[in-house]
């Protein structure tokens, strides 16, 4: 059974975390919430969800991909070197890296954006372009193992591509 | 394209509304938020979602099913005769009726529980039994067109059965 | 001095807990807040009140009655077997059982509703009827030692009957 | 039937407003919530209650007394000349003036404190003494038609004296 | 480098604490948050700030002044004898005592108001007058080492005079 | 009298908006809150402040500078073309542009960062560097008319340089 890390931090976007988390489970994957610490995090409006594991407790080799929800959690996640290194190794190992909305910030700080084609929430498109990405305004963009979307409305398209990738 | 009403009221459970709402869309169905009024509702922790239509604005014949999330929204939904009548007609027309967690209260007040086999959140199992249902403690129970689950952890199983039913 | 347990859990209705709690004291009774644990609970809007004792710490024989406020606290209280057993023994010992609004759910799960005449908040009247009660729509209903009311507006009538019962 | 105004403003203490409001009703009095405006006010933790009438809409002659709850509402009430004038006329007409906790601030600004014997929440006792009152530290103090208490724990004693006065 | 204590308690006014705290630092003074305890306090809307020291930990002789912000924090600060004694000694030692808005309550309970000329938020002007002060309605009033203002709009004038005093 | 626009949007950092706003006033400048609309905005914890003017209502020529507070307000401000154009013209006209913490995002989208020396909150330093700035980790950086700081602790240094610039 494939194992996917869904990254969590405070101020996560509720839709973008809840939907992928359960969707992966429905498809038969292990969906694991991973944060800087193995503690309860609060969404933008205060919804509580507990990280199953801290980034320190997990073993990169056991995971087949990472999904990064948006909200302002990415501004916190990008401050953590271990999180960034985990995302970078995923990308470089050709494992799934899914990022939606403001999660583009994590990709930027993980230094994996240069030369890729991707999308993101429109308010951060300047950051994404400046980092060397080719920015495209569409619901989901698949560039090899990097799958990106713009926001909550794109969740169905985002997860369709993520599942297609994982089932290859 | 099949059209499903997802019922919304204040105090809705975030997981149980968000997951089915997007899951139906991903599968290619029209997923429509329907509440007593076409206004913004607030979840238990204050997440805002807007009903696409009020129960007064929709036409029963256009819909192929209804999904009722839990939380304490069902205690409010069951006070609305039009909501109850909509659910009852769905059930009697052999269209999909999906109910999770505390949504069993809506089924009880819609008078469709007597004789069915179903599950629900354990705190309301006495209400469900007293209403004449055969209560079963399992992640999802399918009794013809009535599909029920116990709570957020059962969402993957719940939606798998709902999609299987809708694709028949 | 007679001793009355007022049950408390999170999401209690502020009016229905505060008024009986102080009213019993004014009349010279001991009014004791009892919850599943001896901790601080939060009302629907976040008002804090601390349970004087947990249900485990109290001795049934010392109490002359129980009052159960509404809100959504009853959905939590009915999950606790010791709370249900305490209420059932009160009822069977012909001691006071006062229940207002959604507190009817606790009576249902305590299995004391069959055959009684009672009232409750209108959204749960189906649950109460299905449990075998004769439901009456009036401000307060006295059926031997069971005294029930519909909601906050009925508090004056509710407490008048409760005090009359306790002073007999 | 005697008619009592219970004053309301934002930041009212929940206990000190709810208990007197219903207690007067139980005793058969008309209990009317009066605020600077006929609108919804919010308690310290956000509980909503609506003033039945604004101070502009009511007729002094129809009322037999006023009860002033505490919290920080009194700091707002004392800014309103019509409220202060209403309280002063009550006092001078030998009608009931009940004040609990921080409500002493309203009495001070209504200029009725000089020479009276009274109590209040201990944090404002300097203000009360400076205004010319004889401050006493006891649960309830009756000085002719002025009845004062210290805080929520004194509510039973407070209302006992208020009712005794109104029934004379 | 001169050292100023800025007093903190729950329900502090955000503007009246934040502005003086940083302003003193900008001018090159040590600005120290002092509360009854060395813990996190919450403003009226929930902003968190941590007291650098508790009143028990600090040495009066090391400080050159005290600034007391408003909000409802002063109603809590005036309950603490050590806080009051600290303010009184500041005043009697001709060191700076700055008080804005509702902070006048602290001055009253510190018994330093009799005979001074000062201003305050208008809702507490009766308390200030009753305590023996000459109340003046202007943005800032300097009476020797006592500097007072009415509210947030007066912050620029308030701090101008405080800095002038400290630089003498 | 010089006139400075302080930009406001929801999720503004309380310290970084309140301190510059009043500090400019104390120094004798006109400090004007400008947002996308002339309405009330809410800080991260819910503090309310009202924009004096919308960006549509103001005249660029009347202003001598702009100060941009941090928090997550900059992620909203950078979505508004008129705000970006206002900041760009300030920069190009050699008028003051002050930006603290996450406000660097606004500078990036205003396309004024390439080639400048600046600082910012460390989580966005990759975005700033990618946009062509020379990033420096110090409390305040002055590059001609662009003055930048890292966060709340740098407010005293930030405002010292801003005032020095405005007084030249």
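Chains as they are written, first to last, in the UniProt record's numbering: chain A, 1 to 168; chain B, 1 to 168; chain C, 1 to 168; chain D, 1 to 168; chain E, 1 to 168; chain F, 1 to 168.
Note that CB positions come from ideal geometry on N, CA and C, so glycine has one too.
Could you tell me whether the Cβ of residue 10 of chain A comes closer than 7 Å to any Cβ of chain F? no
Does any C-beta atom of chain A lie closer than 7 Å to the C-beta of residue 96 of chain B? no
Opening and closing residue of the alpha helix (DSSP H) in which residue 75 of chain E lies: 73-77
From D:86, D:112 and D:73, residue whose alpha carbon lies closest to that of residue 225 of chain E: No answer is possible for residue 225 of chain E: it lies beyond the span of chain E, which begins at 1 and ends at 168.
For the region 26-58 of chain B, list every residue whose C-beta sits within 7 Å of some C-beta in chain A, in sequence order. 26, 45, 46 and 47
Step through the CB atoms of chain F and report whether any lies within less than 7 Å of the CB of residue 126 of chain A. yes
Work out the CA separation of residue 2 of chain E and residue 116 of chain F for me, nearest whole Å. 37 Å
Spatial neighbours of residue 15 of chain C within its chain, please: C-beta separation below 6 Å, excluding the five flanking residues on both sides. 152
Residues of chain G with CB under 7 Å from residue 109 of chain B, in chain order? Here the protein chains are A, B, C, D, E and F, and chain G is not one of them.
With residue 163 of chain F as the anchor, note down where its alpha helix (DSSP H) starts and where it stops. 155-167
Per the contact definition of three or more C-beta pairs closer than 8 Å, is the region 11-29 of chain B in contact with the region 94-106 of chain B? yes
May I have the straight-line CA-CA distance separating residue 59 of chain A from residue 38 of chain E, to the nearest angstrom? 40 Å
Since residue 147 of chain B sits in a beta bridge, which residues does DSSP pair it with? B:98 and B:142
Under 7 Å Cβ to Cβ from residue 31 of chain D, same chain only, skipping five residues before and after it: list those, please. 4, 6, 21, 24 and 25
For residue 93 of chain F and residue 9 of chain F, I'd like the C-alpha separation in whole angstroms. 24 Å
Could you pull the DSSP bridge partners for residue 113 of chain B from this structure? The partner list for residue 113 of chain B (beta bridge, DSSP) is empty, contrary to what the question assumes.
Identify, in the order they occur along the chain, each residue of the same chain with its Cβ nearer than 6 Å to the Cβ of residue 173 of chain A, setting aside the five sequence neighbours on each side. Lying before the first or after the last residue shown, residue 173 of chain A is absent from chain A, which here runs from 1 to 168.
Nearest residue (CA-CA) to residue 114 of chain B, options B:81, B:28, B:91 and B:71: B:91
Residue from A:167, A:45, A:41 and A:135 whose Cα sits closest to the Cα of residue 53 of chain A: A:41
Within 7 Å (strictly less), CB to CB, does residue 15 of chain C reach chain D? yes
Under 7 Å between the Cβ atoms of residue 140 of chain E and residue 165 of chain E? no
Proximity winner among C:81, C:126, C:50 and C:63, relative to residue 95 of chain C (alpha-carbon distances): C:63
Jot down the residue ranges of each uninterrupted alpha helix (DSSP H) in the region 20-99 of chain B, minimum 4 residues, whole runs only, in chain order. 73-77 and 81-92
At which residues does the alpha helix (DSSP H) containing residue 6 of chain A begin and terminate? Run containing residue 6 of chain A: none in the alpha helix (DSSP H); it sits in the beta strand (DSSP E), 3-7.
Near-chain F residues of the region 136-162 of chain E - C-beta to any C-beta below 7 Å: 155, 156, 159 and 160
Under 7 Å Cβ to Cβ from residue 119 of chain A, same chain only, skipping five residues before and after it: list those, please. 135, 136, 137, 138, 141, 148, 149 and 150
Interface residues of chain F around residue 68 of chain E at Cβ under 8 Å? The premise fails here: residue 68 of chain E is roughly 17 Å from chain F at the closest Cβ pair, so nothing lies under 8 Å.
Local conformation of residue 12 of chain E per DSSP, three classes: strand
Using the DSSP secondary-structure output, state which residues sit across from residue 134 of chain C in a beta bridge. C:117
Report yes or no: is there a C-beta of chain F within less than 7 Å of the C-beta of residue 79 of chain A? yes
For residue 72 of chain F, would you say it is in contact with chain A, using Cβ-to-Cβ distances shorter than 7 Å as the test? yes
For residue 75 of chain E, go through chain D and note every residue whose CB falls closer than 7 Å to its CB, in chain order. 123
Can the beta-carbon of residue 112 of chain E be found closer than 7 Å to that of residue 18 of chain F? no
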